[in-house]
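Participant: Below are the structure tokens for one structure; questions will follow.
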Amino acid sequence: MDQVATAQVPANAAAEQPATLVAWPLRWALRVVLTAHTLAVLVQAAFAGRFMSGDFEMLRAHFVNSQVVGALGLAETALAVVYWRPGGGRGWPALACLGVSIAVPLQIASGIERVIGVHVPLALAIFATSTLLTVWSWRSTFGQRRAAAAPETT
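According to my numbering, the sequence shown is numbered sequentially starting from 7.
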């Protein structure tokens with residue numbers, strides 16, 4: 007008695023197709039800029055620590071690097087928007103990058119004005135958000151396109 011093995015196909019098999027990916031150059035550009043941004047934010051903390059330890063030359067380096075952090079924040083926001091809209095990726099990274107890009111000038115201004123009660127917590131928020139974005143960009147699910155909306159039935 008031979009039994010023929012039959013594969014059961016789920017009713018929603020078409021919906022379970024593998025997700026397509028956003029174009030690789032865009033994925034890698036966003037990944038590289040997110041990583042560089044997080045490293046620049048980390049260096050900011052090192053410069054601040056050195057300054058607070060009495061190395062007053064580091065205040066200038068801290069300021070110059072703040073401009074690098076700001077420029078990379080704008081670049082990652084632009085890439086995240088392209089990743090989202092024409093690229094078909096998720097939209098939340100664009101919002102998170104935009105939030106960081108808005109926070110950085112506030113961070114710079116609060117540092118220049120020595121409003122440490124704003125400067126330090128905002129630095130932590132920027133670092134946490136940047137780190138989470140970077141970790142996300144190195145995950146295996148990074149680059150998957152948004153799921154297509156299910157067709158409406160009438």
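Here a beta-carbon is modelled for each residue, glycine too, at the ideal position from N, C-alpha and C. The structure presented is a predicted model; accordingly, all values stated were derived computationally and were not measured.
Name the DSSP beta bridge partners of Q113, please?
Facilitator: In DSSP, Q113 forms no bridge with anything.
Participant: Have a look at the DSSP bridge pairing and note the partners of L27.
Facilitator: Q150
Participant: Below 8 Å on the Cβ atoms is my guess for I152 versus G76; work out the distance and round it to an integer in Å.
Facilitator: Checking the displayed sequence, the identity of residue 152 turns out to be Arg instead of Ile. Not a contact, Cβ separation roughly 29 Å.
Participant: I'd like the ranges of any alpha helix (DSSP H) spanning at least 4 consecutive residues and lying wholly in the segment 29 to 106.
Facilitator: 30 to 58 and 64 to 90
Participant: Buried or exposed, going by whether 16 or more other CB atoms sit within 10 Å of the CB of G79?
Facilitator: In this structure G79 is buried. Its beta-carbon is surrounded by 16 or more other beta-carbon atoms within 10 angstroms.
Participant: Would you mind sorting P82 into buried or exposed? The rule is 16 or more other CB atoms within 10 Å of its CB.
Facilitator: Here residue 82 turns out to be Glu, not Pro, going by the sequence shown. By the neighbour-count rule (16 or more Cβ atoms within 10 Å), E82 is buried.
Participant: Do you know offhand how far R33's Cα is from F69's?
Facilitator: Spanning the two alpha carbons is a distance of roughly 30 Å.
Participant: Hey, L104 and L36: beta-carbon distance below 8 Å or not?
Facilitator: no
Participant: Measuring alpha carbon to alpha carbon, tell me which of L40, L128 and R120 ends up nearest I108.
Facilitator: L128
Participant: Within its chain, find whatever has a CB closer than 8 Å to the CB of L48; leave out the 5 residues flanking it on each side and keep chain order.
Facilitator: F133
Participant: Is the beta carbon of S116 closer than 8 Å to that of V106?
Facilitator: no
Participant: On the three-state DSSP scale, how would you describe V162?
Facilitator: Any property of residue 162 remains undetermined from this structure, which presents the chain solely from 7 to 160.
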